[in-house]
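S.K.:
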Amino acid sequence: MDITFQNVSYTYQPGTPFQGVGLQDINVTIPSGSYTALIGHTGSGKSTLLQHLNALLKPTSGVVKIGTREITPETNNKHLKAIRQKVGMVFQFPESQLFESTVQKDIAFGPQNFGVPIDEALARAKEMIELVGLPANVIDKSPFDLSGGQMRRVAIAGVLAMQPEVLVLDEPTAGLDPVGRREMMGLFEKLHIEQGMTIVMVTHQMDDVANYADNVIVLEHGRLAKTGSPREIFADPDWLTEKQLGLPTTTQFAQALSRRGFIFDQVPLTEHELAALLAEQLPKKAGRAHE
Amino acid sequence: KLDTRRVVLLAVLIALQLVIARFAISLTIFRISFGFIVTALMGWWFGPFWAGLAAVIGDLINSLMIGVPGGYFPGFTLSAFLGAFIYGLYFYHEKITWWRVLAAVTTVILVVNLGLNSWWVSIISHTPFGFHFTARAIGEAATLVVHPVILYIVMHFEPIIRLKNRII
Amino acid sequence: MDEQKIIQVEQLKYEYPQSDGHLALNNLSVSINAGEWVAIIGHNGSGKSTFAKSLNGLLDLQSGSVMIDDLPLALDTVWSIRKKIGMVFQNPDNQFVGATVEDDVAFGLENQGVPRPEMIERVQEAVKRVGMLDYLKREPSRLSGGQKQRVALAGIIAQQPEILILDEATSMLDPKGREEVLATIHKLKQETNMTVLSITHDIDEAASADRIIILDNGQVYDQGTPADIFAYGQRLLDLGLDVPYPEKLKAALNKLQIEMPTDYLTTERMVDYLWTLHS
Amino acid sequence: ILGRYIPGDSILHRMDPRAKLLASFYYIGIIFLARTWQAYALLLVFTLVLIGISKIKLDFFIKGVKPLLWLILFTVLLQIFFTRGGHVYWQWGFLSLTQYGLINGAYIFMRFVLIIFMSTLLTLTTPPLSLADAIESILKPLKVVHFPVYEVALMLSIALRFVPTLMDETTKIMDAQRARGVDFGEGNLFQQMKAIVPILIPLFVSSFNRADDLATAMEARGYQGGEGRSKYRILKWRTKDTVAFILMGLLTIALIFLR
Chain A
1 MDITFQNVSY
11 TYQPGTPFQG
21 VGLQDINVTI
31 PSGSYTALIG
41 HTGSGKSTLL
51 QHLNALLKPT
61 SGVVKIGTRE
71 ITPETNNKHL
81 KAIRQKVGMV
91 FQFPESQLFE
101 STVQKDIAFG
111 PQNFGVPIDE
121 ALARAKEMIE
131 LVGLPANVID
141 KSPFDLSGGQ
151 MRRVAIAGVL
161 AMQPEVLVLD
171 EPTAGLDPVG
181 RREMMGLFEK
191 LHIEQGMTIV
201 MVTHQMDDVA
211 NYADNVIVLE
221 HGRLAKTGSP
231 REIFADPDWL
241 TEKQLGLPTT
251 TQFAQALSRR
261 GFIFDQVPLT
271 EHELAALLAE
281 QLPKKAGRAH
291 E
Chain B
292 KLDTRRVVLL
302 AVLIALQLVI
312 ARFAISLTIF
322 RISFGFIVTA
332 LMGWWFGPFW
342 AGLAAVIGDL
352 INSLMIGVPG
362 GYFPGFTLSA
372 FLGAFIYGLY
382 FYHEKITWWR
392 VLAAVTTVIL
402 VVNLGLNSWW
412 VSIISHTPFG
422 FHFTARAIGE
432 AATLVVHPVI
442 LYIVMHFEPI
452 IRLKNRII
Chain C
460 MDEQKIIQVE
470 QLKYEYPQSD
480 GHLALNNLSV
490 SINAGEWVAI
500 IGHNGSGKST
510 FAKSLNGLLD
520 LQSGSVMIDD
530 LPLALDTVWS
540 IRKKIGMVFQ
550 NPDNQFVGAT
560 VEDDVAFGLE
570 NQGVPRPEMI
580 ERVQEAVKRV
590 GMLDYLKREP
600 SRLSGGQKQR
610 VALAGIIAQQ
620 PEILILDEAT
630 SMLDPKGREE
640 VLATIHKLKQ
650 ETNMTVLSIT
660 HDIDEAASAD
670 RIIILDNGQV
680 YDQGTPADIF
690 AYGQRLLDLG
700 LDVPYPEKLK
710 AALNKLQIEM
720 PTDYLTTERM
730 VDYLWTLHS
Chain D
739 ILGRYIPGDS
749 ILHRMDPRAK
759 LLASFYYIGI
769 IFLARTWQAY
779 ALLLVFTLVL
789 IGISKIKLDF
799 FIKGVKPLLW
809 LILFTVLLQI
819 FFTRGGHVYW
829 QWGFLSLTQY
839 GLINGAYIFM
849 RFVLIIFMST
859 LLTLTTPPLS
869 LADAIESILK
879 PLKVVHFPVY
889 EVALMLSIAL
899 RFVPTLMDET
909 TKIMDAQRAR
919 GVDFGEGNLF
929 QQMKAIVPIL
939 IPLFVSSFNR
949 ADDLATAMEA
959 RGYQGGEGRS
969 KYRILKWRTK
979 DTVAFILMGL
989 LTIALIFLR
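Residue numbers (the numbering used here), protein chains in the order written: chain A, 1 to 291; chain B, 292 to 459; chain C, 460 to 738; chain D, 739 to 997.
1) Does F422(B) get closer than 7 Å to chain D when you measure Cβ to Cβ?
2) Count the other C-beta atoms from every protein chain shown that fall within 10 angstroms of the C-beta of S868(D), then say buried if there are 16 or more, exposed otherwise.
3) If you reduce the DSSP assignment to three classes, tell me which class T388(B) lands in.
4) Among T821(D), D979(D), I934(D) and T903(D), which one has its Cα closest to the Cα of A949(D)?
5) Taking the beta strand (DSSP E) that K472(C) belongs to, which residues open and close that run?
6) L269(A): which of K284(A), Q244(A), D170(A) and E232(A) sits nearest, CA to CA?
7) By the three-class DSSP mapping on this structure, what secondary structure does V402(B) have?
8) Tell me whether I826(D) is buried or exposed, calling it buried when 16 or more other Cβ atoms sit within 10 Å of its Cβ.
9) Under the three-state reduction of DSSP, which class applies to M89(A): helix, strand or coil?
10) Is it the case that the stretch 102–111 of chain A contacts the stretch 157–164 of chain A, given that we only count it when at least three CB pairs across the two stretches are under 8 Å?
11) Assuming T198(A) and E171(A) form a contact by the criterion Cβ under 8 Å, report the distance between their Cβ atoms to the nearest whole angstrom.
12) Would you decide whether D461(C) is buried or exposed? Buried here means 16 or more other CB atoms lie within 10 Å of its CB.
13) Mind checking if V556(C) is an interface residue toward chain D, Cβ cutoff 7 Å exclusive?
14) Between the stretch 609–627 of chain C and the stretch 574–590 of chain C, do three or more beta carbon pairs fall short of 8 Å?
15) Which residues in chain D sit within 7 Å of F99(A), going by Cβ to Cβ distance?
16) Report the three-state DSSP secondary structure of P531(C) (helix, strand or coil).
17) Could you tell me the distance, in whole angstroms, from the CA atom of T863(D) to the CA atom of F340(B)?
18) Quick one: which chain A residues come within Cβ less than 8 Å of S945(D)?
19) Closest to F763(D) by CA distance: which of F784(D), S857(D) and Q817(D) is it?
20) Quick one: what's got a C-beta closer than 6 Å to K429(C)'s C-beta in the same chain, skipping five residues either side?
21) Alpha carbons only, please: which of Y680(C), Q649(C) and D731(C) is nearest the one belonging to A668(C)?
22) Check whether the stretch 602–610 of chain C and the stretch 629–646 of chain C are in contact - that is, three or more C-beta pairs closer than 8 Å.
23) Are L366(B) and A342(B) close, meaning C-beta to C-beta below 7 Å?
24) Check this for me: beta carbons of A302(B) and A897(D), under 7 Å apart or not?
25) Does the Cβ of I500(C) have 16 or more other Cβ atoms within 10 Å, making it buried, or fewer, making it exposed?
26) What residues from chain A crowd round F448(B), counting only those whose CB sits closer than 8 Å?
27) For D25(A), collect the residues of the same chain with a Cβ closer than 6 Å to its Cβ; drop the 5 residues on either side in sequence, then sort them by chain order.
28) Looking at L534(C) and I540(C), is the spacing between their C-beta atoms short of 7 Å?
29) If you count every other CB in all the chains shown that lies within 10 Å of the CB of V64(A), and 16 or more means buried, which is it?
30) Drop a sphere of 10 angstroms on the beta-carbon of D626(C), count the other beta-carbons inside from all chains shown, and report buried for 16 or more, exposed for fewer.
31) Classify Y765(D) as helix, strand or coil using the three-state DSSP reduction.
32) For I739(D), which of helix, strand or coil comes out of DSSP?
33) Rounded to whole angstroms, what's the CA-CA distance from E291(A) to P143(A)? Just pull it up for me.
34) Return the chain-ordered list of same chain residues with a C-beta closer than 8 Å to the C-beta of S413(B), the five sequence neighbours on each side being excluded.
35) What in chain D is Cβ-close to F109(A), meaning under 9 Å?
36) Give the interface partners of R575(C) over in chain D, defined as CB-CB distance under 8 Å, in chain order.
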């Protein structure tokens, strides 16, 4: 299911005290099956764009095509449910949305809202608990008895249980410890590779962009600043530095190496890529001759 | 006296009350606002005196500082106090039964919503108390059914009981 | 070198209510010198935050002793000890007490009963130090997370404590906010030579410390200079921690049969080493 | 913070908030002394002069009346149709339109407007925090009877500070639950009531967590109750505040004469 923005602009209602940057004339496609990273500063319009993906917001002008549905400023607020089922959205710190008395019921809440019979919803909940890597015995526990990291998994399981085709994630690893972060990113990678799920992720971690994404959208002041593959985006480190968006650690390291005299014909994105590029220019252990 | 933790909690609940009171269900004939849930829970968790005080603070913030339309009239501050106070009398340290919830809501409706509030309007407008009482009574009939049901369900919902246990 | 020990804790034991016998702190003993910058790392649940809160009596220890600046922690000393320790917590929204920036910075001073004229001076001075002078009258809801944390730092500077504890103070901030806050802390450390105890998941933040303490299961697992600790490489991952980038690259190069030294290299030294290898 | 305070530097803005608070309350009280058109005219002129001094547009005050218009009209109509006396213009059963009825209706309308204008004036010219300080200061004498004055002040300021935070949180949680298929404001009464639970519970949980964190942060910063604290913000009573009360006194005397 592709999601396409055509000349989409969004202005907040004039007069609201919490005005953020809206969107201005966005044209971009999130291809089906992609792992898209959405980057930009706080206030660049990332969250606004995100909320267009499942019609929580409607454009003030332009069209958002979600699969076969078209969302325009005139779209009726009703009957948007089908979209919200297909585009699962995980907000920042999603553990704050838990409310049920047991983990199972909370996960089953979403599917039930979309008309899944209760038995099936509860069965799905059970599967999801396993999928997100929670121990089976949490099923009847109160979500509020779990650790922060576990609560977040429950919340994500609650969205996955809706069986969306697209999974939208707003900084899903914020505030987690390194293990939690690694496991969480592993989960999304698994969903992307094994189930072919389209992933859209807002992140500030350029390492994650480099390691996982295959498509990047850069926003700035509500406008589309750049879009392309991570390699295309990170190929111009000066541009990113100028925009204060940061670089993947590998790219930074490679820059330091270049300054020293190393030559790379392409921008390395991960430590393994960098190691491979270095290996061509370095002697191996068993006393191989210098190049 | 309350310790720091509970004073702070009560303060945050006042803020929550003000926020929740802003959204309401509107059906063609009447409107249910949900601020009363927080008021009742404050009574349950903190007792009549502190809940009453919290309600007064909430009313002052609402009418003087946020400046909700309609202006300030001290009578309604007293109404706010009494409403929370009554919930405290019925719920504090008590087992929450259907009868208790029904009795509490009935008392609040009779004494505060119908009695005091009609009286205030009749004082301001210099019109007969009976008219306001009757006019309000029609709307409050729905409240009498809806509020006890909501309160009973909320006060027996496991996550809420869990929160109650965090207070002690 | 004979240094003054400003924090000395011995055999700390703490169990959270309803935790079924799991000890959050399990015979933890640590001492920290005045003026030292110590980073405490460990995965979630290793006891880091519990340790921080035990230092100024924010929780009741089951057993063990805490000595802050030669003052044993007890009921009658807890308030003097809290004066000596400033803490910045994780969530910027939930530690802003005052209704405006200046009120928040003044809060700690009000608690100590500092006379008003002195208070005004100290508030101004502290707010200036964190670069928030233009925001004196602002309300928290109009500040970014990083700005709120800087205000929290100002509140601590105003109190002139000897010890600064950062309890994952940057973990909820975006990169820009994190940078702002870290820069402020570094500046502060330079100017005041406070003792800094930083509880963190951020390996780069830990790298700037004099000493790193790894907590695991409520105990000190190991401690040493960043160079000592980072040389562990893979073992850090097993402990649920991050590995600094040069170590990651080293591992990747080792796999490709490139000879790498075993000791920890900073980015700079790593680049130098690779260049020597190259030419 | 929130609310409708409009910054300005009029004399009303610069008055001691205690003086403004007490004077407004007093004014709302003496409105009830008015019985004649002269008295109402005096009060209206007085109020309009104050509004003029505040340099705030009249629109802001009229806006405050609008939401209550139906209630006001209802009571005014009650007054008009049920008051007897004077010339009878029209009669139908127990309903009648009389001279006194019309006059009383007009008076009641004025009373509502005056109360609303005056409290709006207080709100628009005084920052919430100053009002909180004023309330604390006014309550201070109650310490003698062990009334928790300090706690009330603290609750006031913390509640004020958390309203915007919890508003944002509410929006966030509502969005999250809408993304999980909840429809707010749709369906029958039962469905609508049920849709409240997934917002209510997270808000309560978050409030508890925030309160815990905040209390910890306060204690870490040496907070141990109101005793022995010094104050950063102080209030200053000046001559213009005393003058305001003299004016109120004169107004009272005038109203008594105009009865």
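Glycine included, every Cβ here is placed at the ideal spot set by N, Cα and C.
M.R.: In terms of the structure at hand:
1) yes
2) buried
3) coil
4) T903(D)
5) Unbroken beta strand (DSSP E) run through K472(C): K464 to Y473.
6) E232(A)
7) If DSSP states are grouped into helix, strand and coil, V402(B) belongs with the helices.
8) For clarity, residue 826(D) is Val in the given sequence; the question names Ile instead. Per the 10 Å Cβ criterion, exposed.
9) Strand at M89(A).
10) Taking a contact to require three or more Cβ pairs closer than 8 Å, the stretch 157–164 of chain A and the stretch 102–111 of chain A qualify as touching.
11) About 18 Å; that fails the 8 Å criterion.
12) For D461(C), the pLDDT reaches just 48, beneath the cut-off of 50, and the residue's location in the model is therefore unreliable, leaving the point undetermined.
13) yes
14) yes
15) The contacting residues are V935, P936, I939 and P940.
16) strand
17) Take the alpha-carbon of T863(D) and the one of F340(B): they are about 32 Å apart.
18) Listed by position along chain A, the residues whose Cβ is nearer than 8 Å to that of S945(D) form an empty set, because the closest Cβ is around 11 Å away.
19) Looking at the Cα atoms, S857(D) is the closest of the given residues.
20) The first residue shown for chain C is 460 and the last is 738, placing residue 429(C) beyond what the model contains.
21) Q649(C)
22) yes
23) For the record, residue 366(B) in the displayed sequence is Gly; it is not Leu. Between G366(B) and A342(B), the C-beta gap is not smaller than 7 Å, which leaves the two residues out of contact.
24) yes
25) buried
26) Those are S101, listed as they occur along chain A.
27) N7 and S9
28) Their beta carbons are not under 7 Å apart, which means I540(C) does not touch L534(C) by this criterion.
29) Buried, since its Cβ has 16 or more Cβ neighbours within 10 Å.
30) buried
31) helix
32) Legend: pLDDT at I739(D) = 44, less than 50; position of this residue unreliable, no value from coordinates given.
33) Low local confidence applies: a pLDDT of 39 at E291(A) is under 50, so the model's placement there is unreliable, and no value is given.
34) Answer for S413(B): P419, F420, F422 and H423, listed in chain order.
35) For the C-beta of F109(A), the chain D residues within less than 9 Å are, from N- to C-terminus, Q915, R918, G919, V920 and P936.
36) The contacting residues are S968, K969, Y970 and I972.
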